[in-house]
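Asker:
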Amino acid sequence: MPERFATITSRTLVLPQANIDTDQIIPARFLTTTSREGLGAAAFYDWRYDADGGALDGAALNTLDPTEHRVLVAGDNFACGSSREHAPWALLDYGFRAVISTSIADIFSSNALKNGLLPVVVDDATHQRLLADPGGRVTIDLERCELSVGNEPPVAFTVEPFARRCLLEGVDTMGWLIERLPAIEAFETRTA
1 MPERFATITS
11 RTLVLPQANI
21 DTDQIIPARF
31 LTTTSREGLG
41 AAAFYDWRYD
51 ADGGALDGAA
61 LNTLDPTEHR
71 VLVAGDNFAC
81 GSSREHAPWA
91 LLDYGFRAVI
101 STSIADIFSS
111 NALKNGLLPV
121 VVDDATHQRL
131 LADPGGRVTI
141 DLERCELSVG
151 NEPPVAFTVE
161 PFARRCLLEG
171 VDTMGWLIER
181 LPAIEAFETR
191 TA
């Protein structure tokens, strides 16, 4: 069951590279499980560790505090490539709750929303401001669908309505249906 998402304020981690694909987010050799837990250790593994498993010097992902950096700001065309659901699982397990970019792959966005990770697509000007301020604070208000950066006016973003509702309620699609089971059973009884 995803964690309820209403409003978060967080520092950002900036990865400005364009075309970060899902194999970079979590290399294929880590797709040996159907469990979501523990995949954060493999998030961006080849960007964080050398061939012997030693931490790479200067790897931004090895220096951040996942409890402080819950928002990833990525370059254009984030999460392109294969449709692996492990990619949002790895980002969530690492501590991220939202990804911001100018474009995010549709399949990744769908997988992310179903698992509690919010993809936020912003305009170029907003994106450039975020890229220029690594570690800056942002507030994402899902109720209002607004992103706030500093004292600037909030920037509106869109989220598919049912996915937004599930995130606000902290349920996935199955959880949403299970919560309505009594109403579904009552309807079936009336119409039988």
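Here UniProt numbering is used: the first residue of the sequence shown is 1, the next is one more, and so on.
A virtual CB, placed ideally from N, CA and C, is assigned to each residue, including glycine.
Which residue from Tyr49, Glu152, Glu85, Val14 puts its Cα closest to that of residue 245?
Answerer: As shown, the chain starts at 1 and ends at 192. That puts residue 245 outside it, with no answer to give.
Asker: For the region 130-146 against the region 20-37, are there 3 or more C-beta pairs whose distance is under 8 Å?
Answerer: No, because fewer than three Cβ pairs between the region 130-146 and the region 20-37 fall closer than 8 Å, the two stretches do not touch.
Asker: To which residues does DSSP link Leu13 through a beta bridge?
Answerer: In the sequence shown, residue 13 corresponds to position 13, counting from 1. According to DSSP, which records beta bridges pairwise, Leu13 is partnered with Leu72.
Asker: Between the region 32-40 and the region 117-126, do at least 3 Cβ pairs fall closer than 8 Å?
Answerer: No: fewer than three Cβ pairs fall under 8 Å.
Asker: For Ile107, name the three-state secondary structure that DSSP assigns.
Answerer: The residue given as residue 107 occupies position 107 in the sequence shown. Here Ile107 sits in helix by DSSP.
Asker: What is the rounded straight-line gap between the Cα of Gly81 and the Cα of Ala87?
Answerer: Counting from 1 along the sequence shown, the entry for residue 81 is found at position 81. Counting from 1 along the sequence shown, the entry for residue 87 is found at position 87. If you take the alpha carbons of Gly81 and Ala87, they lie about 11 Å apart.
Asker: If we ignore side chains and look at the alpha-carbon of each, how far apart do Ala90 and Met174 end up?
Answerer: Mapped onto the sequence shown, residue 90 falls at position 90. Mapped onto the sequence shown, residue 174 falls at position 174. Near 21 Å, if we compare the C-alpha coordinates of Met174 and Ala90.
Asker: Could you check whether Val149 and residue 203 sit closer than 9 Å to each other, using their CB atoms as the reference points?
Answerer: Within the shown structure, residues of the chain are numbered from 1 to 192, placing residue 203 beyond reach of any answer.
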